[in-house]
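Asks: Residue numbers (UniProt numbering): 1 to 502.
In this text, a Cβ means the ideal position worked out from N, Cα and C, and glycines have one as well.
Just passing along the structure, written as structure tokens.
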Amino acid sequence: MTTYDAGAVTLRKVRDYVWEMPKQGDMRVPARVFASEALLDEISDDKTLEQLRNATHLPGITKYAICMPDGHQGYGFPVGGVGAMDARDGCISPGAVGYDINCGVRMMTTNLTYDDVQGHEQELVESLFANVPSGLGGGGVFEGTVGDVDAILEDGVQWALRNDWAVPEDLEHCEDEGKRPDADPTAISQKAKDRGKNQIGSLGSGNHFLEVQRVTDVYDDEVADAFDLTEDQVVVLIHCGSRGLGHQTCNDYLRRIEKTHAGLLDSLPDRELAAAPAGSQLADEYYGAMCAAINFAWVNRQLIMHRTRQVFEQVFDRDWRDMEMHLLYDVAHNIAKKEHHQVGVDADGTVVADDGDAVEYETRELYVHRKGATRAFPAGREEVPPAYRAVGQPVIIPGSMGTGSYVLRGGERSMHETFGSTAHGAGRLMSRTQAKKEYRGGDVQTALREHDRIYVKAQSGATVAEEAPGVYKDVDEVVRVSDALGIGDRVARTFPVCNIKG
DNA sequence: ATGTGC
């Protein structure tokens, strides 16, 4: 038996790229890490595996706790973690969703080629920077009232459509058509709404960005065709979340859950895993609030995308429709969703980790927590929009501003292995503090411009240093593992042209 | 990630 010794824990190799942490002590289920040995070396470098083991203590966790190839430590629960808790007798945990509720990415395609854009990069990056608000604090493309925020929380991208910030096809190309029906705006605090009202349509800071990219590689012609992707094509990638509103909401519910469900909290190995039992009032309230914050983040990305269309109109002096600036897809990276999944059970009706041990299958309703993980539903699932149902949903995985990004499609194995999920990005190699010691923002910018013709403009030089390409893991390796596992298949690769960030 | 600590 091949094992991987990670100090405090030893992992058993199940098969290529699949490692299991056996169930021991108070663990309710085993844990599985989906990674190559090279990525395991990085995953075992911080508290990721300890947090993964802690997550197996959560009530109702089904089958196993999951760590993706880009996993690293987060608040209580790993970033790159997936936990599916029974919606009837399990729990929901804000720490397993993340502070930035519905942090995610959307990609917009165009009919422009790299040739059309070359020579305009400076003007484009300046105009994007001037027109798309970024950085910490307030200022969005739309300054609303708390009443507007309520409507956004309730209706998601339908609000944007009513207010001329969207066209109907945008809704068809967004997860859940840009609206979570379970959203409950009354479950969002006044403080969170106040923080949100002047951040509608704003990138924020940290690893959030807007990037103009060119498609450099197509790996699957048939799927790329369905996604309308071709080599040399210019696309736009937008990565941001729910800003202060989502952060405040996560914080509000963590504090309330800690107080109200102190007994459950005492049974867990880490306070940061605080969870509300399924069926409790607070579980329903948090779920309603989280769904509302999801809607807010979708509207945020929608407004940024629509403003980007206007910037392209200005720079290229053409109507955005002529440039065929269509939303490919919008995917959430930090979310919990009630979903129905088939699980294998043994003769006693107990869920088994390995489908090979199942005597039959049952369908369960689960709170699928994806924290730094992407839904990757394969062809045929009804949740995949009609335009993509024959090939599987688009999965968008951003890399760093110097290495490019990937488009994948939901893989056939994802429903069996990972509750229909795959990785979400490259994952950090070093802390922000360490990054600022290693790099200077100005030097990073100059190197990218001179070596790679990538135009970067940021509010803060420190952010450029913190986000330097060298602070990230190898996104190629993360995607290679996803593809090899069959949970998310490579479709195309992009390379940056212009990047704006906080 | 975040009006960058509680």
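Give the range of the alpha helix (DSSP H) segment to which Y114 is assigned.
Replies: Note, Y114: alpha helix (DSSP H), Y114 to V117.
Asks: Compare the beta carbon distance of V91 and A275 with 9 Å and say whether it is the shorter of the two.
Replies: Residue identity check: residue 91 is Cys in the sequence provided, not Val. It is a contact, given that the beta carbons lie within the stated cut-off.
Asks: Buried or exposed, going by whether 16 or more other CB atoms sit within 10 Å of the CB of Q213?
Replies: Result: buried.
Asks: Where does S280 fall in DSSP's three states?
Replies: Of the three classes helix, strand and coil, the one that applies to S280 here is coil, per DSSP.
Asks: So the candidates are S400, M415 and T10; which of them puts its Cα closest to the Cα of E211?
Replies: Among S400, M415 and T10, the Cα nearest to that of E211 belongs to S400.
Asks: Would DSSP call V231 helix, strand or coil?
Replies: The amino acid at residue 231 is misidentified as Val; the sequence shows Glu. E231 falls in the coil class under three-state DSSP.
Asks: As a quick exercise: from Q314, I487, V311 and M68, pick the residue whose alpha carbon is nearest that of G427.
Replies: Cα-wise, what sits closest to G427 is M68.
Asks: Report the start-end ranges of each alpha helix (DSSP H) in the segment 68 to 118 that is 4 residues or longer and not cut off at the edges.
Replies: 114 to 117, all fully within the segment 68 to 118.
Asks: Whole angstroms is fine: what's the gap from residue 506's alpha carbon to S36's?
Replies: Only positions 1 to 502 of the chain appear in this structure, which leaves residue 506 out of reach.
Asks: With a CB to CB cut of under 6 Å and the five nearest residues on each side skipped, what residues in its chain are close to I61?
Replies: Only R28, V29, G83 and M85 meet the Cβ criterion.
Asks: Sort L328, G7, V479 and K436 by Cα distance to V464 and report the nearest one.
Replies: Of the listed residues, the one whose Cα sits closest to V464 is K436.
Asks: When the distance is taken between beta carbons, is V395 closer than 9 Å to R413?
Replies: It is not a contact, given that the beta carbons lie outside the stated cut-off.
Asks: Comparing alpha-carbon positions, which option in R364, T216 and E258 lies nearest G344?
Replies: The shortest Cα separation from G344 among R364, T216 and E258 belongs to R364.
Asks: For the structure I just gave you, are there three or more beta carbon pairs, one from the segment 99 to 110 and one from the segment 277 to 295, closer than 8 Å?
Replies: Segments in contact, yes.
Asks: Taking 8 Å as the threshold, find out whether the segment 170 to 185 comes into contact with the segment 448 to 467 through three or more Cβ pairs.
Replies: They do not touch, by the three-pair rule.
Asks: Between which two residues does the alpha helix (DSSP H) containing S127 stretch?
Replies: From DSSP, the alpha helix (DSSP H) with S127 extends over E121 to N131.
Asks: With DSSP as the reference, label T56 as helix, strand or coil.
Replies: Three-state DSSP puts T56 in coil, outside helix and strand.
Asks: Flag this pair as touching only if the segment 333 to 347 and the segment 417 to 425 have three or more C-beta atom pairs under 8 Å; answer yes or no.
Replies: Counting Cβ pairs under 8 Å, three or more are found: they touch.
Asks: Are there 16 or more other CB atoms within 10 angstroms of the CB of P185, so buried, or fewer, so exposed?
Replies: Buried, by the Cβ-count rule.
Asks: Considering A492, what are the terminal residues of the beta strand (DSSP E) in which it resides?
Replies: It spans G488 to K501 - the beta strand (DSSP E) in which A492 sits, taken as one unbroken run.
Asks: Buried or exposed for V146, please, with buried defined as at least 16 other CB atoms from any protein chain shown within 10 angstroms of its CB.
Replies: When all chains shown are included, V146 counts as exposed.
Asks: Go through its chain and collect everything with a Cβ distance to V149's Cβ below 7 Å, but skip five positions before and after it.
Replies: Excluding residues within five positions, the ones whose Cβ falls inside 7 Å are K193, G196 and K197.
Asks: What residue range is occupied by the uninterrupted beta strand (DSSP E) comprising W19?
Replies: Looking at the DSSP string, the run of the beta strand (DSSP E) that includes W19 is V18 to M21.
Asks: For Q122, tell me which candidate among V456, P469, V471 and Y114 has the shortest Cα-Cα distance.
Replies: Answer by Cα proximity: V456.
Asks: Could you spell out the range, first to last residue, of the beta strand (DSSP E) harbouring N334?
Replies: Where N334 is concerned, the enclosing beta strand (DSSP E) stretches over N334 to V345.
Asks: What is the DSSP secondary structure of L328, reduced to helix, strand or coil?
Replies: Three-state result, L328: strand.
Asks: Specify, as a first and last residue, the run of the beta strand (DSSP E) that A6 falls within.
Replies: Start and end: T3 to A6.
Asks: Could you name the residues that DSSP lists as bridge partners for F34?
Replies: The partner list for F34 (beta bridge, DSSP) reads V18.
Asks: What whole-angstrom Cβ distance do S202 and N300 have, given they're in contact under 8 Å?
Replies: Sure, about 7 Å apart at Cβ, within 8 Å.
Asks: Helix, strand or coil: which one does DSSP assign to Q459?
Replies: Coil.
Asks: Quick check: is any heavy atom of the ligand MG less than 8 Å from the C-beta of E121?
Replies: In terms of ligand content, the structure shown is empty, and the ligand MG therefore cannot be addressed.
Asks: Could you spell out where the alpha helix (DSSP H) holding R318 opens and where it closes?
Replies: Per DSSP, R318 belongs to no alpha helix (DSSP H) and is neither H nor E.
Asks: Applying the criterion that 16 or more other CB atoms from any shown protein chain within 10 Å of the CB defines a buried residue, is V359 buried or exposed?
Replies: V359 is exposed by the Cβ-count criterion.
Asks: Taking all protein chains shown into account, do 16 or more other C-beta atoms lie within 10 angstroms of the C-beta of D355, making it buried, or fewer, making it exposed?
Replies: Exposed: under 16 other Cβ atoms inside 10 Å.
Asks: Going by Cα to Cα distance, which pick from A87, P386 and Y114 is closest to L366?
Replies: Looking at the Cα atoms, A87 is the closest of the given residues.
Asks: Locate the beta strand (DSSP E) running through R364, then write down its first and last residues.
Replies: Per DSSP, R364 belongs to the beta strand (DSSP E) from E360 to K371.
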